[in-house]
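Structure first, commentary second.
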Amino acid sequence: MDQEKIGVFISTLRKEQGMTQQQLADAIGVSNKTISKWECGKGMPELALIVPLCHILQISINEFLSGEHLLENGYTEKAEVNMMNLLQETENSKKKSRSSLLAFGITVIIFLFVVLYSVITNMGISMNMLFVDMPTLLSMFLVTALFLLGTNLGLPFFDSFRIIFGKKKSVSIKQLFQAKSAINLAKITFLGMGFLESCISFMAIQPMGEGTLLFTGLSICISIALNGILYGLIGFLLLLPIQVRLEIMYMQKQEDSEKKTEDDAE
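So that you can map any letter, position 120 of the sequence shown is 103 in my numbering, and since no number is skipped, the others follow by simple counting.
Written out as structure tokens, the structure reads:
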């Protein structure tokens, strides 16, 4: 499929019907930036959007995929079904890529825990110490949730994941701003709580009586105290790419809005 040819075809049909990019975007539930990308040949609509797009532009799927008007006998109905199957396979490939990205993230987390295990083993700590510090994790999640709810950013936090993974098609500048603000707040709060939990744990490591430690073994105490920092860093690193992606989308949305304002002024 010639994406550039299809893009020009979409642009031509849209203008013939007297529609702006924003009007077409609103009609199918995407952003005007997405329409612009399609018309520039830098992307293709998802499978679920092709049928409504063709309906609005008053063309067949065959004509859409060909990037031009066709004679009635140009393509058979069977050919149209085959093309839809081809698009389905393409979309499945995209989903596999997302799964690979998720698997990579999980692998990174496992790697971090393996490194921690190696450090603990070299320090001579018993296998019994290899546990998940649930009280620390729960307190970090609880405080982060309270911060999000207290600033009315709870819903935008969950919306941010829908935006990133394409589950939410039409997104406004305000929604993007709230989503990136929610992720930033969660990232900073989780990391800050991790350091706070570790500081509290370090404060508990103090001599008692004749130099006896509150916990058994200095190395064990230190490893437990570092759990908060470890969890905070993991949460920070997991949320960082999401925040960066939202920042990029937000800036693109602003540029589109400014361009639209300039066009309307002209």
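Just so you know, even glycine gets a beta-carbon here, dropped at the ideal spot from N, CA and C.
Pair within 8 Å by beta-carbon distance, Gly177 and Gly211:
Translated into the one-based positions of the sequence shown, residue 177 becomes position 194. Translated into the one-based positions of the sequence shown, residue 211 becomes position 228. Yes, Cβ-Cβ distance for Gly177 and Gly211 is below 8 Å.
Where Met27 falls, given that 16 or more other Cβ within 10 Å makes a residue buried:
The count along the sequence shown starts at 1 and reaches residue 27 at position 44. So Met27 counts as buried.
Distance, Cα to Cα, Leu132 vs Pro224?
Position 149 of the sequence shown, counted from the start, is the residue given in the question as residue 132. Position 241 of the sequence shown, counted from the start, is the residue given in the question as residue 224. So the two alpha carbons sit approximately 22 Å from each other.
Ser153 classed as buried or exposed, judged by whether at least 16 other C-beta atoms fall within 10 angstroms
In the sequence shown, residue 153 corresponds to position 170, counting from 1. With fewer than 16 Cβ atoms within 10 Å of its Cβ, Ser153 is classed as exposed.
Taking the C-alpha atoms as reference points, what is the distance between Val(-9) and Glu22?
For the purposes of this step, residue -9 is taken as the residue at position 8 of the sequence shown. For the purposes of this step, residue 22 is taken as the residue at position 39 of the sequence shown. Answer to the nearest angstrom: the Cα atoms are 6 Å apart.
Please report the distance separating the alpha-carbon of Glu238 from that of Gln5.
To locate residue 238, count along the sequence shown from 1; it is residue 255. To locate residue 5, count along the sequence shown from 1; it is residue 22. Between Glu238 and Gln5, the C-alpha separation is close to 14 Å.
Helix, strand or coil at Thr17 according to DSSP, with G and I counted as helix:
The residue labelled residue 17 in the question sits at position 34 within the sequence shown. Note: Thr17 maps to helix in three-state DSSP.
Within a Cβ cutoff of 6 Å, which residues of the same chain sit near Ile42, ignoring the five residues on either side of it in sequence?
For the purposes of this step, residue 42 is taken as residue 59 along the sequence shown, with counting starting at 1. Within the same chain, Ile42 has no close Cβ partners at all.
Beta-carbon contacts of Leu216 that lie in its chain and below 8 Å, excluding the five residues immediately before and after:
Numbered from its first residue, the sequence shown carries residue 216 at position 233. Answer for Leu216: Leu174, Gly177, listed in chain order.
Return the CA-CA distance between Ile130 and Glu241, expressed in angstroms with no decimal places.
If you number the sequence shown from 1, residue 130 lands on position 147. If you number the sequence shown from 1, residue 241 lands on position 258. Correcting the residue type first, residue 130 is Phe in the shown sequence and not Ile. Near 33 Å, if we compare the C-alpha coordinates of Glu241 and Phe130.
Proximity to Ile252 [Cα-Cα], best of Thr134, Leu229, Leu121, Gln158:
With the chain covering only -16 through 249, there is no way to say anything about residue 252.
Check this for me: beta carbons of Leu168 and Thr134, under 8 Å apart or not?
Position 185 of the sequence shown, counting from 1, holds the residue named residue 168. Position 151 of the sequence shown, counting from 1, holds the residue named residue 134. Result yes, Cβ atoms of Leu168 and Thr134 sit closer than 8 Å.
If Ile39 and Ile(-7) are in contact, beta carbons under 8 Å, what's the gap, nearest whole angstrom?
For the purposes of this step, residue 39 is taken as the residue at position 56 of the sequence shown. For the purposes of this step, residue -7 is taken as the residue at position 10 of the sequence shown. Not quite, the Cβ-Cβ distance comes to about 10 Å (not below 8 Å), so this is no contact.
In chain order, what residues of the same chain lie with their CB nearer than 7 Å to the CB of Thr195, ignoring the 5 residues before and after it?
Locating residue 195 in the sequence shown gives position 212, where the first residue counts as 1. Its pLDDT being 49, under 50, Thr195 is placed unreliably by the model, and the measurement read from it follows with that caveat. So the list is empty, once near-sequence residues are dropped.
Would you kindly check if the distance between the Cβ of Leu53 and the Cβ of Asn45 is under 8 Å?
In the sequence shown, the residue the question calls residue 45 occupies position 62. In the sequence shown, the residue the question calls residue 53 occupies position 70. For Asn45 and Leu53, yes; Cβs fall inside 8 Å.
By how many angstroms is the C-alpha of Gln0 removed from the C-alpha of Gln235?
As a working mapping, residue 235 is identified with position 252 in the sequence shown. As a working mapping, residue 0 is identified with position 17 in the sequence shown. Going from the Cα of Gln235 to the Cα of Gln0 covers about 26 Å.
Going straight from the alpha carbon of Gln161 to that of Lys25, what length do you get?
Locating residue 161 in the sequence shown gives position 178, counting from the first residue. Locating residue 25 in the sequence shown gives position 42, counting from the first residue. For Gln161 and Lys25, the distance between alpha carbons rounds to 28 Å.
Three-way DSSP call (helix, strand, coil) for Ile44 in this model
As a position in the sequence shown, residue 44 is number 61, starting the count at 1. Note: Ile44 maps to helix in three-state DSSP.
Quick check: what's the CA-CA separation for Leu48 versus Lys163?
By 1-based counting over the sequence shown, the position of residue 48 is 65. By 1-based counting over the sequence shown, the position of residue 163 is 180. Their backbone Cα atoms lie some 36 Å apart in a straight line.
Do Ile18 and Ala8 have their C-beta atoms within less than 8 Å of each other?
The residue given as residue 18 occupies position 35 in the sequence shown. The residue given as residue 8 occupies position 25 in the sequence shown. Against a cut-off of 8 Å, the Cβ pair of Ala8 and Ile18 comes out as a contact.
Answer with buried or exposed for Leu125, where buried requires no fewer than 16 other C-beta atoms within 10 angstroms of its C-beta.
As a working note, residue 125 is residue 142 in the sequence shown. Leu125 should be labelled exposed.
Can you tell which of Leu136, Lys170, Ile171, Thr172 has the C-alpha that lies nearest to the C-alpha of Leu159?
One-based indexing of the sequence shown puts residue 159 at position 176. Ranking Leu136, Lys170, Ile171, Thr172 by Cα distance to Leu159 puts Leu136 first.
Quick check on DSSP: helix, strand or coil for Ser155?
Within the sequence shown, numbered from 1, the residue matching residue 155 stands at position 172. Reduced to three states, the DSSP call for Ser155 is coil.
Exposed unless 16 or more other CB atoms sit within 10 angstroms - verdict on Val227
Within the sequence shown, residue 227 is the residue found at index 244, counting from 1. Exposed, because fewer than 16 other Cβ atoms sit within 10 Å of the Cβ of Val227.
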